[in-house]
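Visitor: Residue numbers (this note's numbering), protein chains in the order written: chain A, 1 to 167; chain B, 168 to 322.
Ideal Cβ positions, reconstructed from N, Cα and C, are used throughout, including at glycine.
My questions all concern the structure below.
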Amino acid sequence: MEKQYDAGRARTVGVSNCSIKKIQRILDTCRIKPANNQIEMHAYFQQPELVDFCHKNGITVVAFAPLAPLSYFSYFSGEESKPKSSALEDEVVITIAKKHSKTVVQVILRFLLQLGVSTIPKSVTPARVRENYNVFDFALDVGDMNKLQTLHAGENGRVFDLSDFAL
Amino acid sequence: MLQAEGEALEKALEVALETGYRHIDTAQRYNNEEVVGKVLKRWFDAGKLKREDVFVTTKLSYTTSYSEQVEESLKASLGKLQLDYVDLYLIHVPITCIAQGDYLVGDPNSDYIATWKASIHQSLLMVLIYKTLSGDGETIRCGQSQNCGCLQLQH
């Protein structure tokens with residue numbers, strides 16, 4: 001036990017990019033469940049079943065790429081993936097943004113927060129860093145939430161191809 | 168903090184902390200833990216921030232995620248971050264990758280369950296379990312963190 005006593009290098013431990021099946025295997029075989037699952041999640045790729053599964057099992061969810069880049073370079077092949085349409089230009093989001101006098105980015109981040117998910121938008125542009133934080137002074141109503149939920153495009157909305165990982 | 172590095176990241180982190188961000192997400196694989204550590208140390212040293220005010224997440228690289236590599240990987244991350252602990256340690260991807268020429272490919276024989284168990288051994292949970300077993304009432308502290316597996320501890 002001494003080694004364990006000396007540990008404490010992490011307060012909580014979790015997983016990332018895990019499907020329901022992968023998490024279920026941990027729940028079935030391990031005494032300690034993950035605290036968190038960090039997954040790709042944005043307006044066009046909402047993964048509702050996975051989020052629901054995590055929440056029902058007391059696993060928090062963090063959304064990476066919450067604003068879904070238009071394209072990205074694969075870690076593995078170095079090739080640029082095909083561009084996807086962006087929810088930042090979606091009329092549904094633009095209309096809701098105007099209604100609340102917020103930006104489309106703020107609407108999408110707020111949407112994810114109201115689904116009970118933390119977001120980690122990446123930016124090195126000071127104005128955007130501030131914009132991304134300014135989402136706590138308004139709330140989306142049920143109608144807004146329903147409209148935004150219809151944007152989910154299933155697997156077609158996925159940007160990060162993790163097929164090499166055989167997930 | 169993916170694909171952010173150097174001075175641009177330093178400035179962005181300064182702005183973020185000034186704005187009020189308190190959750191920093193990084194990863195071994197992002198190659199920027201050192202920058203995060205440098206900025207955090209500056210804020211700690213200046214007395215503008217306490218360790219417990221920030222929630223720092225880092226991730227075990229999928230290139231060093233065999234179970235026997237977990238301890239060394241986490242220690243390396245902590246060294247770069249100049250921290251004694253991270254608030255959340257994630258297995259970046261539930262498979263270990265190996266280099267094949269210029270590419271990384273998943274090793275189908277890698278066992279993320281073993282990696283998970285090794286990660287747990289690095290966490291405070293084990294300390295709490297130990298203290299629970301030794302009967303010094305430390306489980307109460309666990310209640311402050313609803314995500315750290317308290318239910319299992321209480322059984």
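Which same chain residues, not among the five before or five after B/Asp244, have their C-beta less than 6 Å away from its C-beta?
Guide: For the sequence presented, residue 244 of chain B should be read as Ser rather than Asp. So the list reads Gln195, Glu200, Thr225, once near-sequence residues are dropped.
Visitor: How many angstroms separate the CA atom of A/Leu120 from the CA atom of A/Ala65?
Guide: It should be noted that the sequence gives Ile, not Leu, for residue 120 of chain A. Looking at the two C-alpha atoms, the distance is approximately 7 Å.
Visitor: Alpha carbons only, please: which of A/Val159, A/Ser86, A/Lys122 is nearest the one belonging to B/Ala175?
Guide: Checked all of A/Val159, A/Ser86, A/Lys122; the closest Cα to B/Ala175 is A/Lys122.
Visitor: Per DSSP, which residues does A/Ala10 bridge with? Please list them.
Guide: Looking at the DSSP assignment, A/Ala10 forms a beta bridge with B/Val253, B/Ser290.
Visitor: Grab the span of the alpha helix (DSSP H) containing B/Lys226 for me, first residue to last.
Guide: Run containing B/Lys226: none in the alpha helix (DSSP H); it sits in the beta strand (DSSP E), 222-227.
Visitor: Rounding to the nearest angstrom, what Cα-Cα distance links A/Val15 and B/His190 in this structure?
Guide: Near 17 Å, if we compare the C-alpha coordinates of B/His190 and A/Val15.
Visitor: Short of 8 Å in beta carbon distance, which residues of its chain neighbour A/Ala153, apart from the five on each side in sequence? Order them along the chain.
Guide: Taken in chain order, the residues that qualify are Tyr44, Phe45.
Visitor: Taking only runs that begin and end inside the stretch 181-211 of chain B, name each unbroken beta strand (DSSP E) of 3 or more residues, in chain order.
Guide: Correct list: 190-192.
Visitor: Near B/Val340, what residues of its chain come up, given a Cβ to Cβ distance below 7 Å and the 5 sequence neighbours on each side ignored?
Guide: Residue 340 of chain B lies beyond the stretch modelled for chain B, which goes from 168 to 322, so this question has no answer here.
Visitor: Among the residues of its own chain, which have a CB less than 8 Å from the CB of B/Trp164, if the five just before and after it don't count?
Guide: No statement about residue 164 of chain B is possible, as the shown extent of chain B runs from 168 to 322 and does not include it.
Visitor: Starting from the C-beta of A/Ala10, find all residues in its chain whose C-beta is less than 6 Å away, skip the five residues before and the five after it, and write them out in chain order.
Guide: Nothing meets the Cβ criterion.
Visitor: Take B/Gln249 as the anchor and find which of B/Gly173, B/Lys178, B/Val206 has the nearest alpha-carbon.
Guide: Nearest option by C-alpha distance: B/Val206.
Visitor: Give a yes or no on whether the minimum CB-CB distance between A/Gly116 and chain B is below 7 Å.
Guide: No, because no Cβ of chain B sits closer than 7 Å to the Cβ of A/Gly116.
Visitor: Find the residues of chain D that neighbour B/Ser286, judging by a C-beta separation of less than 8 Å, and give them in chain order.
Guide: Considering every chain present, this structure includes no chain D. Its protein chains are A and B.
Visitor: Leaving out the 5 sequence neighbours to the left and right, which residues in its chain are closer than 7 Å to A/Gly116 when beta-carbon positions are compared?
Guide: For A/Gly116, where only same-chain residues beyond five positions count, the Cβ hits under 7 Å are His55.
Visitor: Cα separation between A/Glu89 and B/Thr231?
Guide: Roughly 39 Å between the two C-alpha positions.
Visitor: Provide the residue span of the alpha helix (DSSP H) that contains A/Val61, from first to last.
Guide: Note, A/Val61: premise wrong, no alpha helix (DSSP H); beta strand (DSSP E) at 60-64.
Visitor: Taking the alpha-carbon positions, what's the A/Ala63 to B/Asp269 distance?
Guide: Whole-angstrom Cα-Cα distance: 29 Å.
Visitor: Taking three-plus beta-carbon pairs below 8 Å as touching, is the stretch 23-39 of chain A in contact with the stretch 132-148 of chain A?
Guide: No contact exists between the stretch 23-39 of chain A and the stretch 132-148 of chain A.
Visitor: Using the C-alpha atoms, what's the distance from A/Val93 back to A/Ala127?
Guide: Cα-Cα distance, rounded: 21 Å.
Visitor: Name the DSSP bridge partner or partners of B/Gly273?
Guide: DSSP lists B/Cys264 as partners of B/Gly273.
Visitor: Quick check: is the beta carbon of A/Gln38 nearer than 7 Å to any beta carbon in chain B?
Guide: True, the Cβ-Cβ gap to chain B drops below 7 Å.
Visitor: Taking Cβ-Cβ distances shorter than 7 Å, what residues in chain A pair up with B/Ile258?
Guide: Correct list: Val15, Ser16.
Visitor: Do you know offhand how far B/Asp212's Cα is from B/Glu177's?
Guide: About 16 Å.
Visitor: In terms of alpha-carbon separation, which member of B/Ile262, B/Val221, B/Tyr279 lies closest to B/Leu271?
Guide: The shortest Cα separation from B/Leu271 among B/Ile262, B/Val221, B/Tyr279 belongs to B/Ile262.
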